[in-house]
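Input: a single structure, listed below in structure tokens.
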Amino acid sequence: MKKRWICLFVENEIGVLARISGLFSGKSYNLDSLTAGVTEDGSISRMTISLTSDDRTFEQIKKQLSRSVEVIKVVDYTDIPIHMKEILFVKVKHCSDADITELFRISKVFGAAMIDYDGATVLLECTQTENRNDDLIALLKRKFVNRIEIVRGGSVAAEAVSVSER
150 MKKRWICLFV ENEIGVLARI SGLFSGKSYN LDSLTAGVTE DGSISRMTIS LTSDDRTFEQ
210 IKKQLSRSVE VIKVVDYTDI PIHMKEILFV KVKHCSDADI TELFRISKVF GAAMIDYDGA
270 TVLLECTQTE NRNDDLIALL KRKFVNRIEI VRGGSVAAEA VSVSER
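With the numbering used here as the guide, the letters of the sequence shown map in order to residues 150 to 315.
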């Protein structure tokens, strides 16, 4: 089993997202992440899909997606250099002044932003790779036991322009 990434360019019409995600659920394929949004051409949407599968299943998925009427193009990002980010919000509750200071220090190290707070609650926003966000969550879970709430958004990926690492 391997982590896979697919980028789909699809017609920007009502129900396309439901039909594409339905294709996955109908075949009992599990998605790790699905992000969709309109492109520079208003008639086309881009979907970034992450899943874990073996080679055979993944090839079957790509073939089924390619046969879908609404799909314009399927791009396999699995083994090519890409830039990928995931959005993460973490709310930390019942904070003391020392906790807020510690959260400020942690946010600087992880490239996160403290985007909202009141006297006892802090909201962090972090747009990093999935692994980097996992590291931040693990640290916050250790430091602020039973006081965090996590909201993760889908991952987006773009093919690298220059030769660089993923």
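Every residue, glycine too, gets a C-beta built ideally from N, C-alpha and C.
- Task: Please list the segments of the alpha helix (DSSP H) lying wholly inside the stretch 222 to 279, counting only runs of 4 or more residues, in order along the chain.
- Result: Qualifying alpha helix (DSSP H) stretches, in chain order: 246 to 259.
- Please work out which residues of its chain come closer than 7 Å, Cβ to Cβ, to His243, disregarding the five sequence neighbours upstream and downstream, and give them in chain order. Ala269 and Arg296
- Among Asp203, Gly171 and Arg281, which has the Cα closest to the Cα of Glu237? This sequence places Leu at residue 237; Glu is not what is there. Of the candidates Asp203, Gly171 and Arg281, the residue whose Cα lies closest to the Cα of Leu237 is Arg281.
- Opposite Ser194 in the DSSP bridges: which residues? According to DSSP, which records beta bridges pairwise, Ser194 is partnered with Val159 and Val187.
- Name the one or two DSSP bridge partners that Gly297 has. Rather than Gly, the amino acid found at residue 297 in this sequence is Ile. Val241.
- With Glu208 as the anchor, note down where its alpha helix (DSSP H) starts and where it stops. Where Glu208 is concerned, the enclosing alpha helix (DSSP H) stretches over Asp204 to Arg216.
- Pick from Phe253, Val165 and Arg195: whose alpha carbon is nearest that of Ala337? Given a span of 150 to 315 for the chain in the structure shown, any question on residue 337 remains unanswerable.
- Task: Under 8 Å Cβ to Cβ from Met150, same chain only, skipping five residues before and after it: list those, please.
- Result: So the qualifying residues of the chain are Thr201, Ser202 and Asp203.
- Query: Thinking C-alpha only, which one of Phe259, Ser170, Gly186 and Leu157 is nearest Tyr226?
  - Reply: Leu157
- Message: What would DSSP say about Gly303, mapped onto helix, strand or coil?
- Response: strand
- Message: For a test of the three-state rule: what should DSSP assign to Val310, helix, strand or coil?
- Response: Look at Val310 here: in three-state DSSP terms it is coil, with no helix or strand label.
- Message: For Ser215 and Lys240, what's the separation of their Cα atoms in angstroms?
- Response: In a straight line, the C-alpha of Ser215 is about 40 Å away from that of Lys240.
- Can you name the residues that DSSP bridges to Lys151? Ser202
- Among Ile198, Lys222, Phe253 and Val310, which has the Cα closest to the Cα of Gly303? Ile198
- Task: My understanding is that Leu252 touches Leu285, with C-beta atoms under 8 Å, so please give their C-beta distance in whole angstroms.
- Result: 11 Å between Cβ atoms; not a contact.
- CB of Glu220 within 8 Å of CB of Lys211, strictly: Here residue 220 turns out to be Val, not Glu, going by the sequence shown. Contact: no.
- Query: When DSSP builds the beta bridges, which residues end up paired with Val220?
  - Reply: Val159
- Task: Using three-state DSSP, classify Ser177 as helix, strand or coil.
- Result: In this structure, Ser177 counts as coil in the three-state DSSP scheme.
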